[in-house]
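First the structure, in the form of structure tokens, and then the observations on it.
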Amino acid sequence: MQKDIVIVGLNHRSAPIEVRESVAVENSYVREALSRLRELPSIHEGVILSTCNRVEVVATASDHLVAFTSIKNFLGEPKAHRVPGPLEEQHVYTYQGSDAVRHIFRVAASLDSMVVGEPQILGQLKQYYDAARQEGTVGTILHRLFHRSFSVAKRVRTETGIGSGAVSVSSVAVDLARRIFDRFDDKTVMLIGAGKMGDLMARHLISQGVKSLMVTNRTFDRAVELAEKIHGSPIRFEDFPRYLKIADLVIGCASAPEVLIDAATVERVLRERKQKAMFFIDIGDRRNFDSRINNLDNVYLYNIDDLTSVAQDNLQERASEAEKAEEIVLEEVQGFVRWIGSLEQVPTITALRQRFDDIRRKEIDKSLGGGLKDLSEPQRAALEDMTSAMINKLLHAPISQLKRNPKDDDDDATLYVAALKRLFDLEDK
Amino acid sequence: MEANLVKVTAVVYLAATASFFYFVLRKDTAAKLPSLVLLVGFVFHTLALVARFMNEGFAAVAFMGEALLFKSWLMVGVYSLVQLKYRLSVLGCIIAPLALLMTLAALAFGSDAGEVPPGLKTFWLPLHVTLAFLGNAVFALAFGVSLIYLLQERYLKHKKITALMKRFPSLESLDRLNYQLLIWGFPLMTLGILTGSLWAGIHWGHYWSWEPRQISSGIAWIFYGAILHGRITAGLRGKKAALLTMFGFCVVLGYFFLGDAMFPGRHGGSFE
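Line by line, the protein sequences are chains A and B.
According to our numbering, the first sequence is numbered sequentially starting from 1.
According to our numbering, the second sequence is numbered sequentially starting from 430.
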């Protein structure tokens, strides 16, 4: 019985978020969904992957067309307590055979991600694979497929620069801070304003282990509130210039109409702190920091546009690294397809022998019931021996040819298996 | 034998230079290979020095060729020590080619430049030269560190984040290393000048003779002293400190190569 790898899925490119959400499989429902999946016609093994950017069902099936339809229906089913949106044909993609292998390898290597090279997808893939394994819906083929995809992802990560370079504004800022400062655990951050971006960046810096954080805002209550949330200490707005000298990183996100810190102030502050380096990050809607600050020695000022353009550059670099990664994926797909081909060899050989033997049996019985019915016992035994020797001799060359290491010739093994099945009508065995 | 050892050293330093650049450009600064190659060069370098000293029967470090050989040996040694604590493969891209140039120059100058008068062959010679050169070697490293600092600083100021820059250590650690090198280099230089002066006093009867080398190293000493003072008291750091450190080394280097040739004094090989 020939088993094929099939994938039916939706991702950030094929379907809008509402559609993805409507078919998403919630964590608590995954086990149930897996056992439902197993019941579907023609499906043997299955793994369900459901993240915010993609919902995919990876399965093995005896008939890929049947599987495609049943999985589509399965995805469109009403979930636990959710009414599914319209699941239209154009939202869903389907892959089969080597295309399916390529797709899953690309997903694992983060080539299919919205932010190419982001590392989370591999962990998610592992998590959903584990769930399926525990549920018992993973067999030989998917086991091998997923483990292979994990190592492809690892290979891509080590052999290409796909994961290098920060691509979000706040990780770019942290990255830059790391080039200025050697360590964060003796650094103090000052957050001016309660804008959302500033909040996000302050949290990012805290997770990197900065020593302390000061929060200031025109409305003091907001400062207190925010400081409480992100474990900082609130400072009155009119006091913040006095505290500047102990701040190593200053984040401006006040969206104030005027410049809050000018170059002369920073110059004075620098003298007070004996020229210890400062990093100003201006990410409000309007510029909060005087751009001339960047001209001072030992001070670095980046605004939101600077950070975005660094992120863009890094994204471009990733894109060029992705081309290298695609080549690795193709190479690995070929290897996997070869393995799949070799899987079918043994059953094909058995079926072939069986077929020949059945014919032999039938013909002997026919003859012994007809023209040869007077044969003695020893003669019957000799006939038996002769016919089976004939068949063995006939089959010897093709079978040993087939058994040769399938890695020697790329597609030959798969090709021969297919040809034999066709020629000797082994399919419906 | 000795010249051959120097040649082997130069070849290995060439290989080290190539591998430092190869790995840094390949963005692989964790690779240990370049430092290992450099260390192999250092071993040959050591053997060459030992062979030279055995040939001469004393620590021969007075003339240009041998001085260069000794100085570059100290520099590679100090770099290897620093490398133990700081992972500074980028600095290797400066040190390895510098060591290569110096050994090549040592070969060009040859080893039979002249004879040191027997009266000068006392323990003062190796003591003075080792201290002075060790100071120079530390400053050579500070020069490299400053150069990397300035490159990194420039990239950050101009907001051009290149892949190469990612291989550099942070400004803070470069500046700290620069400071530490100064703290080590300055006393060594001071001791170098002091021992030289004492030796002159004992041998020639006067401690200070306004010899060109003395004047220039006096200037460099005041210069480095001022940087150190500024760093400790006035918050001199970062770009300015890096620029001054580089300039100070240029004074030292310039005199070492040009001064002795133009104004042959005792350091230039004429011992009146």
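From the three backbone atoms N, C-alpha and C, an ideal C-beta is built for every residue, glycine too.
Go through its chain and collect everything with a Cβ distance to residue i's Cβ below 6 Å, but skip five positions before and after it.
| i | result |
| --- | --- |
| T216 of chain A | I192, A223, I235, F237, F240 |
| V337 of chain A | S98 |
| V189 of chain A | L205, V210, L213, L249 |
| T94 of chain A | V8, F68 |
Taking 8 Å as the limit between beta carbons, can you name the residues of its chain near residue i, skipping five residues before and five after?
| i | result |
| --- | --- |
| G647 of chain B | I622 |
| G195 of chain A | C253, A254, S255, I283, G284, D285 |
| L672 of chain B | S575, L579 |
| K429 of chain A | Residue placement at K429 of chain A is poorly supported in this model, since its pLDDT is 44, which falls under 50; the coordinates still yield a value, given next. Within the same chain, K429 of chain A has close Cβ partners A351, Q354, R355. |
| R380 of chain A | L368 |
| E332 of chain A | F105, R148, V152, R155 |
Can you give the beta carbon distance from residue i to residue j, rounded, assuming they're within the 8 Å contact cut?
| i | j | result |
| --- | --- | --- |
| A59 of chain A | E45 of chain A | 6 Å |
| L533 of chain B | A439 of chain B | 6 Å |
| Y653 of chain B | M675 of chain B | In fact, because the Cβ distance is near 12 Å, the residues do not count as touching under 8 Å. |
| I162 of chain A | E321 of chain A | 4 Å |
| V57 of chain A | V8 of chain A | 5 Å |
| K436 of chain B | L536 of chain B | 7 Å |
Output the distance between the C-alpha atoms of residue i and residue j, rounded to the nearest integer angstrom.
| i | j | result |
| --- | --- | --- |
| L527 of chain B | L249 of chain A | 38 Å |
| L570 of chain B | C522 of chain B | 12 Å |
| A202 of chain A | Q643 of chain B | 55 Å |
| D175 of chain A | A166 of chain A | 7 Å |
| L65 of chain A | R596 of chain B | 52 Å |
| S212 of chain A | L37 of chain A | 51 Å |
| I251 of chain A | K276 of chain A | 17 Å |
| P555 of chain B | G506 of chain B | 17 Å |
| P414 of chain B | G564 of chain B | Given a span of 430 to 701 for chain B in the structure shown, any question on residue 414 of chain B remains unanswerable. |
| L415 of chain A | Y302 of chain A | 60 Å |
| R218 of chain A | L260 of chain A | 11 Å |
| S448 of chain B | L142 of chain A | 43 Å |
| G573 of chain B | V299 of chain A | 22 Å |
| F146 of chain A | L315 of chain A | 27 Å |
| L657 of chain B | V567 of chain B | 14 Å |
| L296 of chain A | V55 of chain A | 51 Å |
| H587 of chain B | Q581 of chain B | 10 Å |
| F105 of chain A | S149 of chain A | 5 Å |
| V102 of chain A | P398 of chain A | It is Arg, not Val, that sits at residue 102 of chain A in the sequence shown. About 31 Å. |
| R292 of chain A | L476 of chain B | 56 Å |
| V172 of chain A | A649 of chain B | 41 Å |
| A100 of chain A | L420 of chain A | 25 Å |
| S70 of chain A | A15 of chain A | 19 Å |
| N392 of chain A | I349 of chain A | 12 Å |
| M386 of chain A | L34 of chain A | 53 Å |
| R404 of chain A | L394 of chain A | 17 Å |
| K514 of chain B | Y508 of chain B | 10 Å |
| H81 of chain A | N27 of chain A | Confidence is the limiting factor: at H81 of chain A the pLDDT is only 48, short of 50, which leaves the residue's position unreliable, though a coordinate-based value still follows. Taking the straight line joining both Cα atoms gives about 13 Å. |
| V472 of chain B | T559 of chain B | 18 Å |
| R287 of chain A | E272 of chain A | 25 Å |
| G341 of chain A | G139 of chain A | 16 Å |
| D449 of chain A | Y29 of chain A | What is shown of chain A runs 1 to 429, which leaves residue 449 of chain A out entirely. |
| H231 of chain A | L503 of chain B | 51 Å |
| K72 of chain A | H12 of chain A | 17 Å |
| D313 of chain A | L454 of chain B | 18 Å |
For residue i, which residues from the same chain have a beta carbon less than 7 Å from its beta carbon, with the 5 sequence-adjacent residues on both sides left out?
| i | result |
| --- | --- |
| A445 of chain B | P463, V466, L467, G470, A525 |
| F424 of chain A | L352, R355 |
| N484 of chain B | E431 |
| S626 of chain B | Y636, W637 |
| V681 of chain B | N565, F568, A649 |
| A67 of chain A | V6, S42, I43, A59, A61 |
| A177 of chain A | L249, F279 |
| Y608 of chain B | R660 |
| M1 of chain A | Only weak support is given to the placement of M1 of chain A: the predicted model assigns it a pLDDT of 46, under 50, and the question is left unresolved by the model. |
| Y442 of chain B | G470, A525, A528, L529, T532 |
| E118 of chain A | S110 |
Segment contact flag, the segment 548 to 562 of chain B with the segment 597 to 607 of chain B, C-beta cutoff 8 Å, min 3 pairs: Segments in contact, no.
Secondary structure, alpha helix (DSSP H): runs of 4+ residues fully inside the segment 3 to 59 of chain A: With a minimum length of 4 residues, the continuous alpha helix (DSSP H) runs that stay inside the segment 3 to 59 of chain A are 17 to 23, 30 to 39.
The segment 141 to 157 of chain A touching the segment 105 to 119 of chain A, judged by at least three CB pairs closer than 8 Å: With the rule of 3 Cβ pairs closer than 8 Å, the segment 141 to 157 of chain A counts as touching the segment 105 to 119 of chain A.
Runs of alpha helix (DSSP H) wholly within the segment 168 to 228 of chain A (minimum 4 residues, chain order): Correct list: 169 to 180, 196 to 207.
Inside the segment 625 to 695 of chain B only - alpha helix (DSSP H) runs reaching at least 4 residues: The qualifying runs are 641 to 662, 667 to 683.
Length at least 4, wholly inside the segment 101 to 164 of chain A: the alpha helix (DSSP H) runs in chain order: As far as the segment 101 to 164 of chain A is concerned, its whole alpha helix (DSSP H) runs of at least 4 residues are 120 to 135, 140 to 159.
The segment 124 to 142 of chain A in contact with the segment 48 to 62 of chain A per 3-pair CB rule at 8 Å: They touch, by the three-pair rule.
Within the segment 340 to 364 of chain A, ranges of the alpha helix (DSSP H) (whole runs, at least 4 residues): Listed in chain order, there is nothing to give.
Complete beta strand (DSSP E) runs within the segment 544 to 622 of chain B (minimum length 3 residues, chain order): Taking only runs of at least 3 residues, no beta strand (DSSP E) segment lies wholly in the segment 544 to 622 of chain B.
Segments of 4+ residues assigned as alpha helix (DSSP H) that fall wholly inside the segment 368 to 394 of chain A: Inside the segment 368 to 394 of chain A, DSSP marks no whole alpha helix (DSSP H) run of 4 or more residues.
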